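Peer 1:
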Amino acid sequence: MTASVHTTESLLFHVLLQLIVIIAAARIGNAVFRAIGQPGAVGEIVAGLLLGPSLFGHLFPELATGLFGTKPDPAISILSQIGLVLLMFQIGCGFAFERLDEPRVRRIALAVALPSVVVPFGLGVGIGWLSAGVMAPAIDPLTYSLFCGVALAITAVPILGRILVEHRMERTEIGVIAIAAATFNDVVGWLLLAFVSAYATAHLTGASIAVQLGGLVLFMVALRFALAPAVDRLLARMPLVESALPPNLLAAILCLIFALALCTYALGIFAIFGGFAAGLLFHRHHAVAAAWQKQVGQFVLTFFLPIFFTFTGLRTNLLGLTFADLPWLLLIMAAAILGKIVPVALAARSAGLETRPALTLGALMNTRALMELIVLNVGYELGFLPQSIFTMLVVMAVTTTLMTGPLLRLLLAPAHHVKRLRADA
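In our numbering, the protein residues as written are 85 to 509.
(1) Residues bridged to A328 by DSSP?
(2) Compute the beta-carbon to beta-carbon distance between A197 and A265, rounded to the nearest angstrom, for a pair I have assumed lies under 8 Å.
(3) Output yes or no for whether 8 Å exceeds the beta carbon distance between Y464 and R399.
(4) For the alpha helix (DSSP H) containing N269, name the first residue and the last one.
(5) Any idea if F309 is buried or exposed, counting beta-carbon neighbours within 10 angstroms, 16 or more meaning buried?
(6) Going by DSSP in three states, N401 sits in which element: helix, strand or coil?
(7) Pull up the distance between the alpha-carbon of A345 and that of G359, whole angstroms please.
(8) Which class does A509 belong to by DSSP, given the choice of helix, strand or coil?
(9) When you compare only the Cα positions, how much space is there between A509 and I192?
(10) Let's test the definition: count the other Cβ atoms within 10 Å of the Cβ of G176 and tell me whether it reaches 16, buried, or not, exposed.
(11) Of the residues I425, L469, L319, which one's Cα is nearest the Cα of R368?
(12) Under a Cβ-count criterion, where at least 16 other Cβ atoms within 10 Å of its own Cβ denotes burial, should H500 be classed as buried or exposed?
(13) By the DSSP assignment, the alpha helix (DSSP H) with P490 in it spans what residues?
(14) Tell me the DSSP secondary structure of S72 in three-state form.
(15) For the candidate residues P123, D157, A119, whose alpha-carbon lies nearest to that of G136?
(16) Note down the Cα distance separating Q377 from T406, rounded to an integer number of angstroms.
(17) Does DSSP put H370 in a helix, in a strand, or in coil?
(18) Which residue wins for smallest C-alpha separation from V126, given the options L437, G446, L385, G436?
(19) Mind the definition here: the segment 244 to 261 touches the segment 222 to 236 only if three or more C-beta pairs lie below 8 Å; say whether that holds.
(20) Here's the rule I'm using: 16 or more other beta-carbon atoms within 10 Å means buried, otherwise exposed. How should R440 be labelled?
(21) What are the start and end residues of the alpha helix (DSSP H) that includes Q377?
(22) To the nearest angstrom, how far is the alpha carbon of R452 from that of I238?
(23) Who are the near neighbours of R493 in its chain, counting only those whose CB is closer than 6 Å to its CB and skipping five residues on each side?
(24) One question on the structure: do V426 and G446 come within less than 8 Å of each other, judged by their Cβ atoms?
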């Protein structure tokens with residue numbers, strides 16, 4: 085008994101020490117990046133990467149091993165996954181489908197949304213197929229290529245929203261078009277990831293794939309026709325109290341999130357999708373979403389999210405890339421950047437936007453960050469993204485997000501095109 089208590093206390097001490105370092109590093113990274121005009125969340129991502137073998141582990145290998153071990157601690161791994169489930173619930177809650185009320189906004193957003201997914205997805209699949217024999221010889225080439233396609237196709241709505249607020253564009257026509265198109269982009273991206281994950285884990289047999297995809301369709305039907313009305317009844321019976329979630333309602337929401345996470349895990353598409361699905365059930369209830377953000381959301385962003393960034397950083401070794409990897413990295417970067425900006429700008433021009441607003445929209449849609457890291461970790465967990473490609477795609481995710489701010493400052497210099505919505509007139 086004494087030995088067991090001692091082991092538990094030792095583990096607790098080790099995890100608490102890790103958490104202190106992780107949370108402190110994230111806050112420092114957040115403050116530094118905000119000071120240089122970048123989103124604070126990007127600083128937290130970079131801080132997580134620097135805690136891994138890319139810097140801390142390279143400069144102080146014994147200290148890094150003593151703190152984080154040779155691989156992520158199971159406790160940290162579990163905390164990062166719980167945090168992702170809760171974060172995906174927040175993302176689902178925040179999906180503002182009603183932004184398409186303005187006819188011109190709806191027309192341009194829909195014209196932009198499809199090429200913003202299809203073109204980079206196709207380029208990613210092409211790069212995957214081209215590089216499979218060299219970079220991933222032991223991995224099924226089709227599955228590997230599909231993961232590469234999803235990785236290039238994604239756009240990060242949460243980070244994009246923060247960038248728009250920081251540039252005072254959240255209520256401009258371009259800002260609303262970008263959020264609407266990115267929302268469609270992310271919905272399609274998550275569906276693609278769900279289907280690719282289901283395909284990848286079905287042992288490549290027709291019957292098992294059919295069962296898995298059939299289960300996913302039934303899950304979506306149940307969300308729409310059973311759980312959505314049930315959530316409406318739940319909120320009618322347990323209303324907010326002074327704009328806050330009462331304990332019983334908060335407990336019910338948490339149980340629903342984790343129950344749906346179990347369902348998606350059973351379907352073979354990762355528990356995080358259950359959190360996202362639960363969030364979609366509440367996205368029409370804005371007061372509930374706002375109360376969650378106030379009571380729980382900040383804790384998720386401050387405590388859980390840095391753990392996920394560090395979890396990713398411990399898997400990413402920038403110094404592990406070789407000179408032979410450089411052409412592939414450059415090809416991935418070019419395909420990711422041009423595959424988003426060019427088709428989005430061309431589609432926006434054809435839909436009626438002028439050149440600068442169209443390029444601005446392309447630059448905004450090129451933001452990836454957090455969403456990309458989630459996709460990459462799913463592929464890595466399943467064993468369909470090798471270490472080198474995982475690292476290259478992490479570099480791409482951070483770079484495409486970092487370049488958004490400078491591109492916006494360049495493109496927004498003549499601010500004549502920043503048109504306010506009629507709702508603000």
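Using N, Cα and C, we set each Cβ at its ideal position, and we do this for glycine too. If you're wondering where the values come from, they're calculated on a predicted model, not measured in any experiment.
Peer 2: Looking at the coordinates:
(1) Partner(s): V325.
(2) A197 to A265, Cβ: 4 Å. Contact.
(3) Yes, Cβ-Cβ distance for Y464 and R399 is below 8 Å.
(4) Residues 257 to 284.
(5) It counts as exposed.
(6) DSSP places N401 in the coil class of the three-state scheme, outside both helix and strand.
(7) Their Cα atoms are separated by approximately 6 Å.
(8) Only weak support exists for where A509 lies, its pLDDT of 37 falling under 50; the coordinates are left without a value.
(9) For A509, the predicted model reports a pLDDT of 37, less than 50, meaning its position is unreliable and no value from the coordinates is stated.
(10) The residue is buried, with at least 16 neighbouring Cβ atoms inside 10 Å.
(11) The residue among I425, L469, L319 with its C-alpha nearest the C-alpha of R368 is L319.
(12) No answer about H500 holds up, because its pLDDT of 44 lies below 50 and its placement is not dependable.
(13) Note, P490: alpha helix (DSSP H), 488 to 495.
(14) Residue 72 falls outside the range modelled here, since the chain spans only 85 to 509, and no answer is possible.
(15) Of P123, D157, A119, the residue nearest in Cα terms is D157.
(16) The straight-line gap from Cα to Cα measures roughly 43 Å.
(17) The answer is helix: DSSP assigns H370 an H, G or I state.
(18) By alpha-carbon distance to V126, the top candidate from L437, G446, L385, G436 is L385.
(19) No, they do not touch.
(20) By the C-beta density criterion, R440 is buried, having at least 16 other C-beta atoms within 10 angstroms.
(21) Run containing Q377: none; DSSP gives neither H nor E here.
(22) Counting only the Cα atoms, I238 lies some 6 Å from R452.
(23) Excluding five sequence positions before and after R493, none of the CB atoms of its chain fall closer than 6 Å to its own CB.
(24) Against a cut-off of 8 Å, the Cβ pair of G446 and V426 comes out as a contact.
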